[in-house]
Amino acid sequence: NASSAATGCASVNLLVNGRYGAKVAMSPEEAGLGRFDRRTVVGLRWEHDFNSHTTWRNQFTYDQRHIDQPTSPMAYVGPYNSYNVSSDITNHVQLAGRALETFAGVNFDYLDFGSQTYNIMPLGGATRGAMNSESYGHQWNLGARFQEDWHFAPDWHIVAGLGGTYSDIGATETLYGYSATLNTQRAITANRFYFNLAPEGALIYTPSKDWTLHTRVGTAYGTPSSSNLFITPQGEYGNNTQLKSQTSVGIDLGADWHPSSTISIQATGFYEFYKNELVSQSAGVNTVGSYTFNAPASEHRGVVLGVAWKPLPKMLPGGRVKLSYTYDNQIYTNYTEVLSNSTLSHSFSRKGHYIPGVIPNFLNARFLYDQPDGLLEGLGGYAEVTWRDSYWLDNANRLKAPGYALLNLEIHYDPPARFGWAHRLHWYF
């Protein structure tokens, strides 16, 4: 009960009539807050070999997300229906006596959504009051990708590719207001189109069975989502359709080393240059939520390390240890933030500041065991320890979220191949 709860216990203030006026404090448990989402994914895949060199693959996926999230004084509900179709062809031939793999594919995905937010009333069970807002819209993407992988020498191969996507986003958000004498309604419409291309190239050198060296230069892009288009930098509902696609050019250099049959080590360093990076942050107190903006220039650099080890291959052949570490340093190189209230407005250069929301150090250790044979073949599990470093929450780099460690335990059963069709069933806890 919120009225008798100890100091510091969480509570929410709910409108008594679900529309306007007086509020009453309740604990989240009393109010019935929680997440009650449901998701259904159905897919169909078909592959066909034209001959021993050419394979055609087709896939269709339907993904239905029914959102039901009374997690604050408002409940967020509504269906998100996604449809995805893809088709690609892979061909293997010889060019100048060397293996050449050609890949070409197209894909189309469509998201249709309709969501509403409702005020929650202090009646328990997350009882809904008046509608606060509703949003209806769509986003579809049509993309294509082409890639060549040529082993031009015994220990070398080169990869070159090009991908592109055309995106269409359209949505309307309607806001409702209530008072004792007047009900208001305001509609905000957003429509945007984006087209992006991303070429890439990679060079791989394998001097021996124990070593692989690789380098890559690639470009990438990202488009805003429909939810990014309705909150302005002032933290108010409005049109934020000036957002551009983010683009980047990245360089990475790495190596894979297998010093023995039981140990595998990977290391990769990367440096990426971003233009118009999409970043989200809070506009301050008493605002409707986070807004998204384009940072003119930023850089991401870091290192990714990985180790896979079988410590007792003879005594415990199903035992494995996997370690991974990521160092991720992301900074603004050109961005001026404008902070305003009703009377003042100031500009602050964020050049050299860390981008908020980025975990600089991430460490994961997983200890696995899978029974390789016998009556319990296919039974396994793992214990996983994850550590995440503290990270900045604001562009001024004054407020941090603390780091933490997390332990996960998992048990699974993958039926062996001798069980026929049951081999395709996977059970986990």
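Per my numbering, the very first residue in the sequence shown carries number 2; after that it's consecutive.
The beta-carbon is built from N, C-alpha and C at its ideal position, and this holds for glycine as well.
(request) Please work out which residues of its chain come closer than 6 Å, Cβ to Cβ, to Trp57, disregarding the five sequence neighbours upstream and downstream, and give them in chain order. (result) His49 and Ile90
(message) Within 8 Å, do at least three Cβ pairs link the region 119 to 133 to the region 93 to 103?
(response) no
(message) Taking the beta carbon of Ile412 as the centre, do at least 16 other beta carbons fall within 10 Å, making it buried, or is it exposed?
(response) exposed
(request) Ignoring anything shorter than 4 residues or poking outside the region 3 to 70, list the alpha helix (DSSP H) runs there in chain order. (result) 29 to 32
(request) Please say whether Glu378 and Asn365 have beta carbons closer to each other than 8 Å? (result) no
(request) Give the range of the beta strand (DSSP E) segment to which Lys276 is assigned. (result) Ile264 to Ser283
(request) Go ahead and pull the three-state DSSP assignment for Arg419. (result) helix
(request) Could you please give me the residues that DSSP links to Ile356 through a beta bridge? (result) In DSSP, Ile356 forms no bridge with anything.
(request) Measure the C-alpha to C-alpha separation of Asp64 and Val305 and round it to an integer number of angstroms. (result) 32 Å
(request) Identify which residue in Ser116, Thr62 and Glu338 has its Cα closest to the Cα of Leu45. (result) Thr62
(request) Flag this pair as yes or no: are the beta carbons of Asn229 and Thr269 separated by less than 8 Å? (result) no
(message) By alpha-carbon positions, which one of Trp157, Pro225 and Tyr167 ends up nearest to Leu204?
(response) Trp157
(message) Once the 5 residues before and after Gly106 are set aside, which same chain residues still bring their CB inside 6 Å of it?
(response) Asp89 and Arg146
(message) Quick check for students: name the residue ranges of the beta strand (DSSP E) that lie wholly in the region 326 to 406, counting only runs of 3 or more.
(response) 337 to 341, 346 to 350, 362 to 371 and 380 to 389
(request) Have a look at Val86 and Arg40 and give me their C-alpha separation to the nearest angstrom. (result) 19 Å
(message) Asn335 and Lys352 - do their beta-carbons sit closer together than 8 Å?
(response) yes
(request) Following the continuous beta strand (DSSP E) through Gly130, name the residue where it begins and the one where it ends. (result) Arg129 to Ala154
(request) Pull up the distance between the alpha-carbon of Leu176 and that of Ile68, whole angstroms please. (result) 19 Å
(message) Measuring only the C-alpha atoms, how far is Leu324 from His347?
(response) 46 Å
(request) Starting from Asn184, follow its DSSP beta bridges and name the residues at the other end. (result) Tyr179
(message) I'd like to know if the region 205 to 219 and the region 182 to 191 are in contact, where contact means that at least 3 CB-CB pairs between them fall below 8 Å.
(response) no
(request) Would you mind reading off the limits of the beta strand (DSSP E) that contains Ser83? (result) Met75 to Leu96
(message) Using only the alpha-carbon positions, how far apart do Pro297 and Lys276 sit?
(response) 5 Å
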